[in-house]
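Listed in order, the protein sequences are those of chains A and B. Adding 239 to a residue's 1-based position in the first sequence gives its number in our numbering. Adding 73 to a residue's 1-based position in the second sequence gives its number in our numbering. Cβ coordinates follow ideal geometry from the N, Cα and C atoms, glycine included. Fair warning: this is a prediction, and the values are worked out from it, not measured in the lab.
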Amino acid sequence: MRDASVWTTLASRRVCATVGNLHDELDSMEPTILDKFRLGGIAFLSGCAAAILSSGPANAADLSPHDLIFLDRLTFGVNASSAAHLQAVGVERWLNEQLHPLANSVLPEPAKSQVDAMADVHKVPFDVAMSFDAQAKSANQVADPDQRKAAQQVYQQAMNDRMKQAQARSILHALYAPDQLRQRMTWFWFNHFNVHQYKANLRIFVGDYEDRAIRAHALGKFRDLLVATLRHPAMLRYLDNTDNAAGHLNENYAREIMELHTMGVGSGYTQADVEALARILTGVGIDVKAEDPKLKPELQSQLLREGAFEFNPARHDYGDKTFLGHEIRGRGFAEVDEAIDILVHHPATATHLAKQIATYFVADNPPDALVQKMAQAFKATDGDIAAVLGAMVHAPEFNASLKPGTKFKDPVTYVFSAVRLAYDDKVILNTLPVQNWLNRLGEGLFNHETPDGYSMTSASWNGPGQMTLRFEIARQIGSGSAGLFKPDAPNAVDKPAFPLIQNALYFNGLRQTLGPATLAALDQAVSPQDWNTLFLSSPEFMR
Amino acid sequence: MNRRELIKAFASAVPLTVAGRVWAAPATDARLLVVFLRGAYDAANVVVPIGSDFYRTARPTLGLAKPDAGNPNAALSLNADWGLHPALRDSISPFWAKREIAFVPFAGTSDDLTRSHFETQDTIELGQAAGGSRDYRSGFMSRLASELTRVKPISFTDQLPLIFRGKTQTPNIGIASVGKPGVDDRQARLIKDMYAQSDLASSVSEGFRIRDDVYRSVSEEMTAANRGAVSPRGFELSARRIGRLMRDQFNLGFVDVGGWDTHVNQGAATGYLADRLGELGRGLAGFSEEIGPAGWRDTVVVVISEFGRTFRENGDRGTDHGHGSVYWVMGGGINGGRIAGEQIKVEQATLFQNRDYPVLTDYRAMFAGLLQRQFGLQPPSIQRIFANVHAAELGLV
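Right under this line is the structure:
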């Protein structure tokens, strides 16, 4: 077997320029923030610039495969800096940081500046929708059909731009936010409360929906999260509740709240309950006009508006309802609050959510005992999501699942983990390649048509065509910077970068998680590009 | 014994029982390709109700002229009541003459009236009742695949569509953009080695096999092109590739074609819709050519769309979302040259909600009838594919 470190020295001749850049960056940093892993990485990759830094590689014994899998499981993928941080603070403190992060995700400056430059990112949906509606209206008023079509295309293009920016924001958070568990839960909850960007004008709302409705509540109380989605125009439009009015019931949203968002299918509610909830939800919708709707004087005090959200009493069914065995007196929006309380406190909701979360983090069929512990935590804490996750992580069943090869990555986790590992905290300058990879792999952000969200089980993602495509994408990520460092702007310069996967983290930790077949294949790599491709294609990296 | 008699013989044969499960008697080399025209194609201007005076009233600028040998822009005669869009003169008309194509007017979703592309495409792909809760992980072609023995399903799409989601593991391949694989043979071998002992070994090796087969098939076509053949483009390119792959490798396929949502300036005998139709027709003819005479005899191609369009043209020389559509059934062994299924006179009084074609043949009933005959499926199998559906007997296969 060729010795890996010797091979790296040989291989590093091909990546000297890139490594040189990295050295420059590192030289300008304070030594105190250079963790030992990264120093180890430099030591290994210094074949072309002989021992710039004198520190030796990290102690291999510090990085147990168990800890690496733990970290990998609760983040969008292990990399040198996250491993170093876990090492520095210890598992319990790390977990506490992850379960109770600062109120807002803090992005590193090079990622934050990309987000801050986006159109509409600091605007609320009401204002965004008003300006887009005006644009649509003027486009539709063009008399000549061909010119009208052109104006409509400009409008569509503007919506597509907002959608791509929303995806970019999501990707930058997933790759670089230190509160990684919140980012995992943001993806999870978006998928749980799925909306599809291509319905109506949702492209202008999905970014706000993820930022303000989902991420802001991803680790908080489930009730707050549910209400935030219920009051968001993305959800009200996607599941048609904005069309739900007294005498013209639209049950779509009411059904999905029970079937997908809270209790789960087959948990004991009836069609009569769906209709009752639909009646309770009549009048809950969107209004992006400046003036209030015209109302009879006696209803005016019942009107509720908050941004684009509106409860219009003139559209509400004020009759009494029987919902899940409770008599609900018809009285306006307070009925919605009451129904939400009933749903959040229903035992089926605790079990359904616990099972979904455990499926996402632990196994296709999570152990019942684990689900029960998590459901218990949900009930005991009035639906505190962080407490449910804490219960999961501390359960022996979770610990037992931290073995190599237990949880197959969905495409999102796969791509994010590959980019995180390849570039660590060197922030990419263009997320479009990532967006394209996810779309090609069939798990594009905000791109699932139906309210059930993407499947979280492995059988949905490991078919023949899907595996081959993953290997192609492994090759694209492993072979070079793949457009990730060329900003999406006219005449932008592609900054040199190279995926550094065979680094100290690999030699000191990841290598220990690989089986003999994978090690044998890696030994036959003929270049760093080839090695990266094979590593990112390995069965171990798929899990 | 011709193809139809052969299938009948199979259909009546005693089903094989393996380990307690009743398997469909395999109809030897039967193949099925479903072509989904996404966006709702304007069926009334493709299979044209030439016998209807109301048609010309309702479509003052879009309407096609009655068949007239001297007018290249006139509809082509199918029978006394129906004509075909002239853009299909060279591609589809010959199939009609050979009785290898039938049209099923007034077809669609009898229980989905949303007129939403989004909803109705889902409805058709799932093949489940439109009301009530639906299982989005169970498309009807996936359920069909699990009822068939020796089935080799494939979706010729960039992503696995709803229609093929389910328990069967169906590969998908974006057929329009097959390039030389980046992962070379040496890397593929090393990757297969890494997976040799893993539970994904067969998925990985099958994936490389399909990839190589598809690429080889595409390379042959490029070699042909280099010898001076005209390279087909767009759907024709895809359809020819699909024809070769279904000749050699696969027997259950799905492909979709977009661009049919013609609200504005759709054109009449020429123009936007005519161009799209020409491409579709050339594609289907190319498919038949590539699959070869033997393959074509065993193949059924079904062309569907989520709904029809408004019978009257709108103010923008286009048409809006409607209801009933016209489905196409093609194949070398079908009983074609006919307008099949229940029909009514096309006039204002028979329009659904005074705007659209009604649906008289439900898509599930039509497929149930076709599948029953083509694959010799027994009623319990059909019920597992389309619950509570009564198969329509259109006599096509």
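Taking the continuous alpha helix (DSSP H) assigned at residue i, which residues delimit it?
i	result
P417(A)	That residue, P417(A), is in no alpha helix (DSSP H); it is neither H nor E in DSSP.
R494(B)	Outside the shown range of chain B, which is 74 to 470, sits residue 494(B), and nothing can be said about it.
T809(A)	Given that chain A is displayed from residue 240 to residue 782, the structure contains no residue 809(A) and the question cannot be resolved.
L758(A)	P755 to L761
T372(B)	That residue, T372(B), is in no alpha helix (DSSP H); its beta strand (DSSP E) goes T372 to S378.
F459(B)	Note, F459(B): premise wrong, no alpha helix (DSSP H); not H, not E.
L444(B)	Y436 to Q447
I581(A)	A573 to H584
H305(A)	P304 to L313
I716(A)	P703 to S718
A493(A)	N491 to E495
P472(A)	P472 to Y477
Closer than 6 Å by C-beta to residue i: which residues in its own chain qualify, once you throw out the five before and the five after it? Chain order, please.
i	result
G280(A)	Low confidence applies to G280(A): its pLDDT is 34, below 50, so where it sits in the model is not reliable, and the reading given next is rough at best. Cβ neighbours of G280(A) beyond the five flanking positions: N742 and A743.
E269(A)	The predicted model places E269(A) with a pLDDT of 34, which falls under 50 and marks its position as unreliable; any figure quoted below should be read in that light. Once the five neighbours on either side are set aside, E269(A) has no close Cβ partner at all.
R518(A)	D556 and K560
A467(A)	A452 and H456
D185(B)	T193, T196 and A203
A413(A)	F315, Q422 and F655
A290(A)	Because the pLDDT at A290(A) is just 28, under 50, the model does not fix this residue reliably, and the point stays unresolved.
I667(A)	L723
Following the continuous beta strand (DSSP E) through residue i, name the residue where it begins and the one where it ends.
i	result
F461(A)	No beta strand (DSSP E) holds F461(A); the alpha helix (DSSP H) holding it covers F461 to L469.
I174(B)	I174 to G181
D329(B)	L325 to V330
E110(B)	Note that residue 110(B) is Leu in the sequence shown here, rather than Glu. Here the beta strand (DSSP E) through L110(B) covers R104 to L110.
G140(B)	The sequence given here places Pro at residue 140(B); Gly does not occur at that position. P140(B) -> no beta strand (DSSP E), and no H or E assigned at all.
P226(B)	P226 to S228
M403(B)	S398 to M403
H324(A)	Run containing H324(A): none in the beta strand (DSSP E); it sits in the alpha helix (DSSP H), A319 to V328.
H336(B)	Element bounds for H336(B): n/a, residue is neither H nor E.
I567(A)	H565 to I567
Looking only at its chain, what residues have a beta carbon closer than 7 Å to the beta carbon of residue i, apart from the 5 residues adjacent to it on each side?
i	result
D623(A)	K460
E466(B)	G442
A407(B)	In the sequence on display, residue 407(B) carries Ile and not Ala. Within the same chain, I407(B) has close Cβ partners E173, A175, V373, L469 and V470.
R437(B)	G200, F459 and V462
D575(A)	Before going on, a small fix: residue 575(A) reads as Val here, not Asp. Result list for V575(A): I519, L520 and V523, in chain order.
V376(B)	V108, L110, Y400 and W401
V673(A)	I410, V654 and V658
Q763(A)	none
Can you list, in chain order, the residues of its chain with a C-beta nearer than 8 Å to that of residue i? Leave out the 5 residues immediately preceding and following it.
i	result
D329(B)	V108, F109, L110, R111, T230 and P234
R408(A)	V354, M357, V360, G446, E449 and D450
V632(A)	L313 and L334
E545(A)	R470
N144(B)	A138
R210(B)	R238 and G239
If you pair each beta-carbon of the stretch 350 to 363 of chain B with each one of the stretch 125 to 138 of chain B, do three or more pairs fall below 8 Å? no
Length-filtered (3 minimum) beta strand (DSSP E) runs lying within the stretch 508 to 552 of chain A: 523 to 525, 543 to 545 and 548 to 550
Count the C-beta pairs between the stretch 758 to 771 of chain A and the stretch 335 to 349 of chain A that are closer than 8 Å, then say yes if the count reaches three, no if not.
no
Query raised in the report: So does the stretch 726 to 733 of chain A actually touch the stretch 525 to 545 of chain A, counting three or more Cβ pairs closer than 8 Å?
Result: no
If contact is defined by three or more beta carbon pairs under 8 Å, each pair taking one atom from either stretch, is the stretch 315 to 327 of chain A in contact with the stretch 625 to 642 of chain A? no
Checklist entry - What residues in the stretch 309 to 335 of chain B have a beta carbon less than 9 Å from any beta carbon of chain A? => result none
**Request:** Evaluate contact between the stretch 145 to 156 of chain B and the stretch 112 to 122 of chain B, counting only Cβ atoms and requiring at least three cross-stretch pairs below 8 Å.
**Result:** yes
message = Measuring CB atoms only, is the stretch 426 to 434 of chain B touching the stretch 177 to 185 of chain B, in the sense that at least three cross pairs come out at less than 8 Å?
response = yes
Three or more beta-carbon pairs under 8 Å between the stretch 396 to 406 of chain B and the stretch 419 to 431 of chain B, yes or no?
-> yes
Against chain A, which members of the stretch 229 to 244 of chain B pass a CB distance test of less than 9 Å? D231, Q232, L233, L235, R238, K240, Q242, T243 and P244
Q.
Going residue by residue through the stretch 334 to 414 of chain A, where are the continuous alpha helix (DSSP H) segments of at least 4 residues, counting only ones entirely within it?
A. 348 to 355 and 364 to 379
query: Just checking, does the stretch 601 to 614 of chain A make contact with the stretch 518 to 528 of chain A on the three C-beta pairs under 8 Å criterion?
result: no
Next item on the list: Identify every run of the beta strand (DSSP E) within the stretch 608 to 670 of chain A, keeping only runs that are complete inside it and at least 3 residues long; order them along the chain.
Entry: none
| task | May I ask you to verify whether the stretch 486 to 493 of chain A touches the stretch 509 to 517 of chain A, counting CB pairs closer than 8 Å and requiring at least 3? | result | yes
Stretch-stretch touch, CB-based, cutoff 8 Å, three pairs: the stretch 423 to 438 of chain A with the stretch 686 to 693 of chain A: yes
- Query: At a Cβ cut of 7 Å, what residues of the stretch 274 to 290 of chain B count as close to chain A, listed as they run along the chain?
  - Reply: S276, V277, E279, G280, F281, I283 and R284
Hey, is the stretch 278 to 288 of chain B in contact with the stretch 701 to 710 of chain A, meaning 3+ C-beta pairs nearer than 8 Å?
yes
- [ ] Could you please tell me which residues of the stretch 383 to 397 of chain A, in chain order, have their CB closer than 8 Å to any CB of chain B?
- [x] P384, D385, R387 and K388
- Taking the runs of the alpha helix (DSSP H) that are 4 residues or longer, which of them lie wholly in the stretch 181 to 226 of chain B? 190 to 199 and 213 to 220
Are the stretch 309 to 319 of chain B and the stretch 246 to 266 of chain B touching by the rule of at least three beta carbon pairs closer than 8 Å?
yes
Quick one: which residues of the stretch 183 to 217 of chain B get their C-beta closer than 7 Å to a C-beta of chain A? List them in chain order. F191, D195, S206, Y209 and R210
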